[in-house]
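Counting in the UniProt record's numbering, the sequence shown runs from 1 upward without gaps.
Ideal Cβ positions, reconstructed from N, Cα and C, are used throughout, including at glycine.
Reading through the structure tokens given below for one structure.
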Amino acid sequence: MRILGENGAGKSSLLKVIVGVISPLEGTIVYSGEDVTLDRAPLLQDAIYIGHSVGVKSLLTVAENIRRYCPTVSPEALSAVLKKLDLLDHMNAFASTLSAGQLRRVALARLWLTDKTLWLLDEPFAALDSTAIALLEERIRLHVSSGGLVVLTTHQALRSLPCRDVALMS
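Okay, here's the thing in structure tokens:
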């Protein structure tokens with residue numbers, strides 16, 4: 001599902017309400033048929049949220065940043081994901097030395113390492129080059145085809161991703 005809207009329409013805020021970063025002003029959050037407005041634990045067990053801000057710590061290396069979110073990742077799995085995302089040569093580099101696109105790929109590496117069903121992604125294509133966009137689109141297609149759900153905000157045209165659009169009006 002793609003959430004559309006002008007800048008300031010509330011796309012990022014909606015994702016933050018879903019995961020409980022901010023409280024809704026009214027209404028309820030229903031997940032798997034249950035109201036999870038007051039207790040997001042059932043939703044959060046199944047969800048991964050990657051916000052507009054990449055959440056990468058500049059004083060940690062690429063590998064340390066990924067292990068921060070995926071502490072049980074094997075060295076082999078970590079290397080494979082870093083290779084796929086063209087970050088293997090930067091594994092031991094401090095995040096402060098990376099470009100914006102590389103930082104985004106470090107954050108998105110979690111999508112290759114997670115078993116979460118629900119992905120909430122805020123502007124996941126921001127700062128990515130065409131190769132990285134194609135990799136991410138492929139990963140999203142694979143996740144959805146295996147029964148996963150992706151809710152994302154984007155200003156990118158998603159020609160190769162069939163998705164349902166929800167428009168927010170400011």
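When burial is assigned at 16 or more other CB atoms within 10 Å of the CB, is residue i buried or exposed?
{"i": "residue 72", "result": "exposed"}
{"i": "residue 155", "result": "exposed"}
{"i": "residue 54", "result": "buried"}
{"i": "residue 124", "result": "buried"}
{"i": "residue 59", "result": "exposed"}
{"i": "residue 45", "result": "exposed"}
{"i": "residue 110", "result": "buried"}
{"i": "residue 47", "result": "buried"}
{"i": "residue 104", "result": "buried"}
{"i": "residue 7", "result": "exposed"}
{"i": "residue 142", "result": "exposed"}
How many Å lie between residue i and residue j at the Cα?
{"i": "residue 51", "j": "residue 3", "result": "14 Å"}
{"i": "residue 67", "j": "residue 107", "result": "11 Å"}
{"i": "residue 145", "j": "residue 134", "result": "16 Å"}
{"i": "residue 96", "j": "residue 33", "result": "42 Å"}
{"i": "residue 160", "j": "residue 153", "result": "16 Å"}
{"i": "residue 90", "j": "residue 118", "result": "29 Å"}
{"i": "residue 94", "j": "residue 84", "result": "19 Å"}
{"i": "residue 131", "j": "residue 138", "result": "11 Å"}
{"i": "residue 87", "j": "residue 39", "result": "37 Å"}
{"i": "residue 102", "j": "residue 136", "result": "13 Å"}
{"i": "residue 148", "j": "residue 75", "result": "26 Å"}
{"i": "residue 1", "j": "residue 162", "result": "9 Å"}
{"i": "residue 115", "j": "residue 5", "result": "29 Å"}
{"i": "residue 98", "j": "residue 65", "result": "13 Å"}
Taking residue i and residue j to be in contact with their CB atoms under 8 Å, please state how far apart those CB atoms are, rounded to whole angstroms.
{"i": "residue 29", "j": "residue 18", "result": "6 Å"}
{"i": "residue 92", "j": "residue 63", "result": "7 Å"}
{"i": "residue 42", "j": "residue 31", "result": "6 Å"}
{"i": "residue 81", "j": "residue 113", "result": "6 Å"}
{"i": "residue 15", "j": "residue 49", "result": "7 Å"}
Are the CB atoms of residue i and residue j nearer to each other than 7 Å?
{"i": "residue 129", "j": "residue 12", "result": "no"}
{"i": "residue 120", "j": "residue 10", "result": "no"}
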